[in-house]
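Chemist:
Chains as they are written, first to last, in my numbering: chain A, 1253 to 1402; chain B, 370 to 865.
Pasting the structure below:
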């Protein structure tokens, strides 16, 4: 087991929103290791162990990716597509966490194979509740297959 | 049963007249008759109502030849039969030449009935023939007039492709007089687009073969290089069931085609606008909603902070709410600005491009000093035509970006100038030696709310605004850049 042992990859460009999500996770006692990527390109580098993350092992994926859709450089839908199109990363659960409730975003996300699509509620309590559920479900209850090297 | 017969007799002898009447009655006619023996009486009785004129060749005061001439002079053509006692052969022959139908000797009047009948029949046939000829002539006139005065260009083309006839409109559309058309092959006209020729030949083959009747459209290039669109209607002309020519009506539908093309363009433009608007609404709804989530989230935590007395975090959270409202304010302001492009513009004017540059530099003066940026502007830049205020915004935004993305460059330099022309419009550039932009993002940076660096302040509207202003001025904008090697923004603007 590597030292970092990242369990959640949070892809969010707005530092305040990132902090808000981290608050909510901590509030709900989800204190797993969290890596934050500020744009789509950084998220891909992290997941595919390239660029600044060339030293990482691809067979040590996060337990879940929390993905915003509107991102600088590479947008969320493309990140999702790349994760789900690659055999090495396909099994990583991806939860889209966005303020967009556009039907076309929802449809396209599911077509690309998103595991869950959550619209950030404007209401604080609801937001807190949503993050709690994400944490509980994806971190504690969900079981993913162990990574098999091909 | 007796047939009524209107008879005019030229006869000086009452007796001879009686004989004639007797013969006519015997042949089954009921004569309604008048007898005259001088020119004046003859003329007063001469009328087209008469069925037959029976004339003695010679009378003391009058003769048949003269009577015949008088009738002809009046444009009449009644059956005229010579009934004579003395058979001067020369005189009779002269009468026949002048149009007499027959001649009889008075001592052989037995043939009178059949001679009259014959003459009447001949007259009937002549009348019918004349009528038919008249009708034909009239039809020919009608066709000719229709053909010549038709606003649609009509040509008759022989099976070998020779132009047999053409009307006024055809001469106009072919831009050639009749003598340069008739007798020429339509292939040699030089009015047809050569790439179209095989298609046209194929069509004509199909028409002659009776396989094509529907009109078809062709594009032609006329001898004056004008491009025309023609809708060709064809009809086959037949003589004794054999096709001998093709009647070609070529309607000029160039204008209609242009309107269609314009409409098509408009529809496409409208669709593009619609898609743009949809994208705009989508982006706006997403990006305007984001700060609300942030604000509400932190408001919730502030409650907790207050309850737990965590003043340090309360301060932080308040700041975050402040940031989010500021962002929302900036977004709304710039969106309003963006929506004004094309709606609220100042009257276009001729402005020196150097003036625009100077105005923009004045606005970003503070930032330039802070980052110690050198600006080099080419001298003698052209004069452009546009909205001065908006064009200043373009330069201001481009300079703003250049400064923002200067990175750790120790000698920040921005160059502004002209680099040739495109479509008769000067190409201007704003070149920096900052961090540069990777090629895959060259398109994306002009999109609404598309920021490459989340840590940079700004709303992601700047370049979208710049693009809109340039496009409103019918110009275009693009970027050339490599990561780490600075960026050059090029854009075109209309000349004075």
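All C-beta atoms in this analysis are idealised placements derived from N, C-alpha and C, irrespective of residue type, glycine included.
1. Kindly say whether residue 658/B, judged by its beta-carbon, lies nearer than 7 Å to any beta-carbon of chain A.
2. CA-CA distance, residue 1401/A and residue 858/B?
3. Between 528/B, 527/B, 546/B, which has its C-alpha nearest residue 536/B's C-alpha?
4. Residues of chain A with a CB under 8 Å from the CB of residue 679/B: which are they?
5. Among 626/B, 397/B, 408/B, whose alpha-carbon lies nearest the alpha-carbon of residue 377/B?
6. Is the separation between the beta-carbon of residue 419/B and that of residue 452/B shorter than 7 Å?
7. Does any heavy atom of the ligand HEM sit closer than 6 Å to the C-beta of residue 1334/A?
8. Which of the three DSSP states, helix, strand or coil, is assigned to residue 574/B?
9. Between the C-alpha atoms of residue 474/B and residue 483/B, what's the straight-line distance to the nearest angstrom?
10. Report the neighbours of residue 693/B on chain A: residues whose CB is nearer than 8 Å to its CB, in chain order.
11. With a CB to CB cut of under 8 Å and the five nearest residues on each side skipped, what residues in its chain are close to residue 1347/A?
12. When we look at the beta-carbon of residue 334/B and count the other beta-carbons within 10 Å, is it buried (16 or more) or exposed?
13. Determine the direct distance from the alpha carbon of residue 738/B to that of residue 1264/A, and round the result to whole angstroms.
14. By how many angstroms is the C-alpha of residue 627/B removed from the C-alpha of residue 635/B?
15. Does residue 806/B come out as helix, strand or coil in the three-state DSSP assignment?
16. Between the stretch 1266-1300 of chain A and chain B, which residues of the former have a C-beta closer than 8 Å to a C-beta of the latter?
17. Output yes if chain A places a C-beta closer than 7 Å to the C-beta of residue 844/B; else output no.
18. Of all Cβ atoms in chain A, is any one closer than 7 Å to the Cβ of residue 352/B?
19. When you compare the CB of residue 1351/A with every CB in chain B, is at least one pair closer than 7 Å?
20. Does the beta-carbon distance from residue 773/B to residue 784/B come in below 7 Å?
21. Let me make sure I understand the geometry here. Which of 371/B, 427/B, 411/B, 417/B has the alpha-carbon closest to that of residue 385/B?
22. Does the stretch 722-731 of chain B come within contact of the stretch 686-703 of chain B, defined as at least 3 CB pairs closer than 8 Å?
23. Quick one: is residue 444/B buried, meaning 16 or more other Cβ sit within 10 Å of its Cβ, or exposed?
24. Need the endpoints of the beta strand (DSSP E) that residue 378/B sits in, please.
25. Grab me the residues of residue 864/B's own chain with a C-beta within less than 8 Å of its C-beta, minus the 5 sequence neighbours each way, in chain order.
26. Select from the stretch 1368-1386 of chain A all residues with a C-beta closer than 8 Å to any C-beta belonging to chain B, and list them in chain order.
27. With C-beta atoms as the reference, is residue 375/B less than 7 Å away from residue 401/B?
28. Considering residue 648/B, what are the terminal residues of the alpha helix (DSSP H) in which it resides?
29. Go ahead and label residue 596/B buried or exposed: buried means 16 or more other beta carbons lie within 10 angstroms of its beta carbon, across all protein chains shown.
30. Return the residue from the list 588/B, 705/B, 552/B that minimises the CA-CA distance to residue 568/B.
31. So that I know if they touch, is there some Cβ in chain B lying closer than 7 Å to that of residue 1354/A?
32. When DSSP labels each residue in this structure, what does residue 1384/A get in the three-state scheme?
33. Between residue 1314/A and chain B, is the shortest Cβ-Cβ distance under 7 Å, so that the two count as touching?
34. Leaving aside the five residues before and after residue 852/B along the sequence, list all residues of the same chain whose C-beta is less than 8 Å from its C-beta, in chain order.
Modeler: So, from the listed chains and residues:
1. Yes, residue 658/B lies at the interface with chain A (some Cβ there is under 7 Å from its Cβ).
2. Any reading at residue 1401/A must be qualified, since the residue scores a pLDDT of 44, below 50, and its modelled position is unreliable; the value itself is stated next. When rounded, the distance between both Cα atoms is 46 Å.
3. 546/B
4. Ordered by position in chain A, no residue passes the 8 Å Cβ test against residue 679/B, which lies about 12 Å from the chain.
5. 408/B
6. no
7. Judged by which ligands are present, the structure shown has none, so any question about the ligand HEM falls away.
8. Note: residue 574/B maps to helix in three-state DSSP.
9. Distance between the alpha carbons of residue 474/B and residue 483/B is about 14 Å.
10. Under the 8 Å cutoff, chain A gives 1268.
11. 1316, 1317, 1318, 1319, 1366, 1367, 1368, 1369, 1370, 1386, 1390
12. With chain B represented from 370 up to 865, any question about residue 334/B goes unanswered, as that position is not in the structure.
13. Rounded to whole angstroms, residue 1264/A to residue 738/B spans 33 Å at the Cα level.
14. 12 Å
15. coil
16. 1266, 1267, 1268, 1269, 1271, 1272, 1275, 1276, 1290, 1291
17. no
18. Outside the modelled stretch of chain B, which goes from 370 to 865, sits residue 352/B, for which no answer is possible.
19. Yes, residue 1351/A lies at the interface with chain B (some Cβ there is under 7 Å from its Cβ).
20. no
21. Closest by alpha carbon: 427/B.
22. The stretch 722-731 of chain B, when compared against the stretch 686-703 of chain B, does not touch it at the 8 Å Cβ threshold.
23. By the 16-neighbour rule on beta-carbons within 10 angstroms, residue 444/B is exposed.
24. 372-379
25. 751, 752, 753, 754, 793, 794, 795
26. 1372, 1373, 1374, 1375, 1376, 1377, 1379, 1380
27. yes
28. Membership of residue 648/B in the alpha helix (DSSP H) is indicated by the continuous run 623-677.
29. The Cβ neighbour count for residue 596/B, taken over all protein chains shown within 10 Å, is under 16; the residue is labelled exposed.
30. 588/B
31. yes
32. Residue 1384/A falls in the helix class under three-state DSSP.
33. no
34. Excluding residues within five positions, the ones whose Cβ falls inside 8 Å are 804, 805, 806, 807.
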